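Peer 1:
In our numbering, the protein residues as written are 1 to 617.
#1: If you check the beta carbons only, do residue 141 and residue 518 fall under 8 Å apart?
#2: Quick one: is residue 351 buried, meaning 16 or more other Cβ sit within 10 Å of its Cβ, or exposed?
#3: Are there three or more Cβ pairs, one per stretch, closer than 8 Å when the segment 477-495 is compared with the segment 109-117?
#4: Taking all protein chains shown into account, do 16 or more other C-beta atoms lie within 10 angstroms of the C-beta of residue 389, making it buried, or fewer, making it exposed?
#5: Mark residue 97 as exposed unless 16 or more other C-beta atoms lie within 10 angstroms of its C-beta, in which case mark it buried.
#6: Rounded to whole angstroms, what's the CA-CA distance from residue 527 to residue 565? Just pull it up for me.
#7: Tell me the rounded alpha-carbon separation between residue 156 and residue 164.
#8: Do you know offhand how far residue 126's Cα is from residue 510's?
#9: Excluding the five sequence neighbours on either side, which residues of its own chain have a C-beta within less than 8 Å of the C-beta of residue 276, listed in chain order?
#10: For residue 480, which residues in the same chain have their Cβ closer than 8 Å to its Cβ, ignoring the five residues on either side in sequence?
#11: Please confirm whether residue 117 and residue 609 have their CB atoms less than 8 Å apart.
#12: Using the Cβ count rule (16 or more neighbours within 10 Å means buried), how would you classify residue 394?
#13: Expressed to the nearest angstrom, what Euclidean distance is found between the alpha-carbon atoms of residue 38 and residue 380?
#14: When the distance is taken between beta carbons, is residue 335 closer than 8 Å to residue 499?
#15: Given a cut-off of 8 Å, decide if residue 124 and residue 497 are closer than it, judged by their beta-carbon atoms.
#16: Verify whether the separation of the beta carbon atoms of residue 172 and residue 515 is less than 8 Å.
#17: Rounded to whole angstroms, what is the Cα-Cα separation between residue 262 and residue 192?
#18: Could you tell me the distance, in whole angstroms, from the CA atom of residue 326 to the CA atom of residue 332?
#19: Nearest by alpha-carbon distance to residue 328: which of 72, 237 and 505 is it?
#20: Which word fits residue 593, buried or exposed, when buried means at least 16 other C-beta atoms lie within 10 angstroms of its C-beta?
#21: Could you tell me which of 441, 273 and 80 sits nearest to residue 554, measuring between CA atoms?
#22: Please classify residue 21: does DSSP put it in a helix, a strand, or coil?
#23: Excluding the 5 residues preceding and the 5 following residue 525 in the sequence, name in chain order all residues of the same chain whose CB lies nearer than 6 Å to its CB.
#24: Leaving out five residues on either side along the sequence, give the residues of the same chain with a beta carbon under 7 Å from the beta carbon of residue 55.
#25: Rank 475, 450, 400 and 74 by C-alpha distance to the C-alpha of residue 361 and give the top, closest one.
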């Protein structure tokens with residue numbers, strides 16, 4: 001009889017072959033992942049150009065997503081196999097506790113990060129309002145300074161034009177006066193020679209008069225000739241008339257000398273004005289040199305602009321109108337590069353952690369393969385024993401059939417030959433053997449039933465465990481995915497906030513530099529120790545020019561007042577020594593200069609008040 005046997009609960013050879021093929025596929029996929037990781041690690045560092053950085057970032061992101069998907073798939077498969085093979089409830093409980101701890105940790109971390117982000121957003125809004133207010137104030141100050149600078153430039157241009165005109169007129173006057181002075185000097189020299197000659201002739205005439213008087217006395221004493229006396233008297237009268245005419249000429253020449261001395265004083269004043277104008281011309285030359293240097297700098301800047309514009313496209317030129325925009329874009333690109341490097345480092349750390357996990361899973365897989373090999377050996381042993389038992393079973397069944405046939409033949413022979421008189425002991429033995437065989441069949445059925453029940457229980461338990469594990473793994477992966485997505489969004493928002501914060505810090509530094517420069521330019525006439533200490537040096541050209549101008553103005557005022565007093569006193573005696581029109585023009589010019597000085601003082605005072613107001617504000 002055929003003895004029913006249940007299926008073996010151990011693995012079959014076909015199942016083992018499928019497992020080995022799956023392990024081969026896993027090893028191939030893991031090698032591909034290691035190749036992708038080696039490509040990512042072996043890739044060159046981030047280049048300087050933003051386009052290459054974007055391309056590398058996209059490629060890395062794509063490779064990372066593919067590797068992550070493959071890794072997740074392989075991880076799920078490996079976890080399934082590990083759970084199917086190990087079936088250890090203690091480890092599952094530990095993992096569940098660890099996941100709950102991680103969940104709590106991630107929830108607390110997410111909550112802390114959300115609180116930090118809300119705080120950063122509030123601080124960012126407050127700082128943004130403050131920066132906008134400061135920017136508005138600085139724009140107002142800048143506009144006010146631009147208007148003042150434009151007014152100063154227009155005033156400087158008008159003053160330069162007036163000074164140029166004055167210089168031209170004074171140069172013309174100077175050339176005319178130099179010619180007049182040269183003519184007067186020649187006349188003075190000629191008149192001095194004439195005066196010296198006349199003095200000599202007067203001395204000679206006086207000597208002659210003395211000699212004639214002596215002769216007259218001697219003649220009066222010696223002779224009493226009337227004719228000689230008349231001749232002498234006539235000569236004396238001629239000499240006296242000649243002397244009187246010489247005295248008149250001498251008086252006229254003395255008056256001319258006084259006039260020439262006064263004109264010489266005015267010439268000295270004009271020479272001083274000429275020195276001042278020459279000094280102003282030197283300043284104009286310095287201004288021209290500065291203007292030339294500024295033009296050279298402008299050309300250099302234009303060349304530099306053309307050089308860095310050549311590296312830009314048309315779209316970039318539209319975006320970058322000024323070097324400030326380019327520097328801002330470069331700063332943004334640097335911040336983005338820093339963020340990308342941080343992300344790259346994070347990805348490297350994650351990949352390293354996954355490598356560690358991979359190594360641990362590989363070690364577990366090796367352990368599992370060792371266990372599978374042991375189980376395979378056991379399976380082979382059991383299969384061999386099963387085959388041996390089946391052979392024994394078939395042999396025993398054949399023997400039983402042969403024995404039954406022999407018994408039947410024996411019974412039939414006894415029935416025929418002994419007329420139903422066969423031995424009772426034999427019948428009892430046969431009955432006992434049949435009873436033993438029935439008992440063996442019952443026990444075999446019980447064992448087969450028990451094996452089937454055990455198999456069903458193991459299959460039901462394994463299916464339930466697998467279902468529960470799959471549900472737990474799916475729930476855990478969903479939670480981890482949600483937490484990772486939230487963490488990614490929060491990290492992106494935080495990186496954007498950090499970028500904006502860094503850009504605002506740089507803008508604030510640039511605005512502070514501009515404000516300090518504007519304060520330095522607006523505090524020209526006020527003595528601040530932090531700003532004007534360097535300007536008070538020895539041999540400072542501005543202070544020298546200011547002192548010289550003030551000294552010349554004071555000297556000219558004194559001379560002008562003295563000349564006016566002298567003219568008012570001696571106007572009746574000598575008449576008009578200076579033309580009235582020139583005096584009137586000088587007074588009008590003096591009044592204009594005083595008005596311009598008053599306007600400048602007012603503007604300087606207003607600038608000081610404005611700077612004080614914005615400073616206290």
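We put the beta carbon where it would ideally sit given N, CA and C, even for glycine. The structure presented is a predicted model; accordingly, all values stated were derived computationally and were not measured.
Peer 2: Answer, in terms of the structure:
#1: Along the chain shown, read from residue 1 onward, the residue named residue 141 stands at position 141. Along the chain shown, read from residue 1 onward, the residue named residue 518 stands at position 518. In this structure, residue 518 lies closer than 8 Å to residue 141 by Cβ.
#2: For the purposes of this step, residue 351 is taken as the residue at position 351 of the chain shown. Buried, by the Cβ-count rule.
#3: They touch, by the three-pair rule.
#4: Indexing the chain shown from 1 puts residue 389 at position 389. Under this definition residue 389 is an exposed residue.
#5: Your numbering for residue 97 matches position 97 in the chain shown. Looking at its Cβ environment, which holds fewer than 16 other Cβ atoms inside 10 Å, residue 97 is exposed.
#6: In the chain shown, the residue the question calls residue 527 occupies position 527. In the chain shown, the residue the question calls residue 565 occupies position 565. Its pLDDT being 43, under 50, residue 527 is placed unreliably by the model, and the measurement read from it follows with that caveat. For residue 527 and residue 565, the distance between alpha carbons rounds to 40 Å.
#7: Taking the chain shown and counting its residues from 1, one reaches residue 156 at position 156. Taking the chain shown and counting its residues from 1, one reaches residue 164 at position 164. One C-alpha to the other measures close to 12 Å.
#8: Residue 126 sits at position 126 when you count from the first residue of the chain shown. Residue 510 sits at position 510 when you count from the first residue of the chain shown. Near 20 Å, if we compare the C-alpha coordinates of residue 510 and residue 126.
#9: Within the chain shown, the letter at position 276 stands for residue 276. If we look at residue 276 and ignore the five residues flanking it on each side, its Cβ neighbours are 548, 549 and 552.
#10: Translated into the one-based positions of the chain shown, residue 480 becomes position 480. Same-chain partners within the cutoff: there are none.
#11: Your numbering for residue 117 matches position 117 in the chain shown. Your numbering for residue 609 matches position 609 in the chain shown. Taking 8 Å as the Cβ cut-off, residue 117 and residue 609 do not qualify as a contacting pair.
#12: Taking the first residue of the chain shown as position 1, residue 394 is located at position 394. Residue 394 comes out exposed.
#13: In the chain shown, counting from the first residue as 1, residue 38 sits at position 38. In the chain shown, counting from the first residue as 1, residue 380 sits at position 380. Reliability of the predicted coordinates at residue 38 is poor, the pLDDT of 45 falling under 50, and the value obtained from them is presented with this limitation in mind. Between residue 38 and residue 380, the C-alpha separation is close to 41 Å.
#14: Locating residue 499 in the chain shown gives position 499, counting from the first residue. Locating residue 335 in the chain shown gives position 335, counting from the first residue. In this structure, residue 335 lies closer than 8 Å to residue 499 by Cβ.
#15: Walking along the chain shown from the start, residue 497 turns up at place 497. Walking along the chain shown from the start, residue 124 turns up at place 124. Contact flag set, yes.
#16: Position 172 of the chain shown, counted from the first residue, corresponds to residue 172. Position 515 of the chain shown, counted from the first residue, corresponds to residue 515. Not in contact: residue 172 and residue 515 (Cβ atoms no closer than 8 Å).
#17: On the chain shown, residue 262 is found 262 positions in, with the first residue counted as 1. On the chain shown, residue 192 is found 192 positions in, with the first residue counted as 1. Those two C-alpha atoms are separated by around 18 Å.
#18: For the purposes of this step, residue 326 is identified with residue 326 of the chain shown, where counting begins at 1. For the purposes of this step, residue 332 is identified with residue 332 of the chain shown, where counting begins at 1. Residue 326 and residue 332: Cα-Cα distance of roughly 10 Å.
#19: Position 328 of the chain shown, counted from the start, is the residue given in the question as residue 328. Nearest of 72, 237 and 505 to residue 328, Cα basis: 505.
#20: As a first step, residue 593 must be located in the chain shown, where it is residue number 593. Burial is judged here by how many other beta carbons sit within 10 angstroms of a residue's own beta carbon; residue 593 has fewer than 16 and is exposed.
#21: As a working note, residue 554 is residue 554 in the chain shown. Residue 554 has its Cα closest to that of 273, out of 441, 273 and 80.
#22: In the chain shown, residue 21 corresponds to position 21, counting from 1. Its pLDDT being 41, under 50, residue 21 is placed unreliably by the model, and the measurement read from it follows with that caveat. Looking at residue 21 - three-state DSSP - the assignment turns out to be helix.
#23: Indexing the chain shown from 1 puts residue 525 at position 525. Model confidence at residue 525 stands at a pLDDT of 44, short of 50, so the residue's coordinates are unreliable and nothing is read from them.
#24: The sequence position of residue 55 within the chain shown is 55, counting from 1. Taken in chain order, the list of residues that qualify is empty.
#25: Counting from one through the chain shown, the residue named residue 361 turns up at place 361. Among 475, 450, 400 and 74, the Cα nearest to that of residue 361 is on 74.
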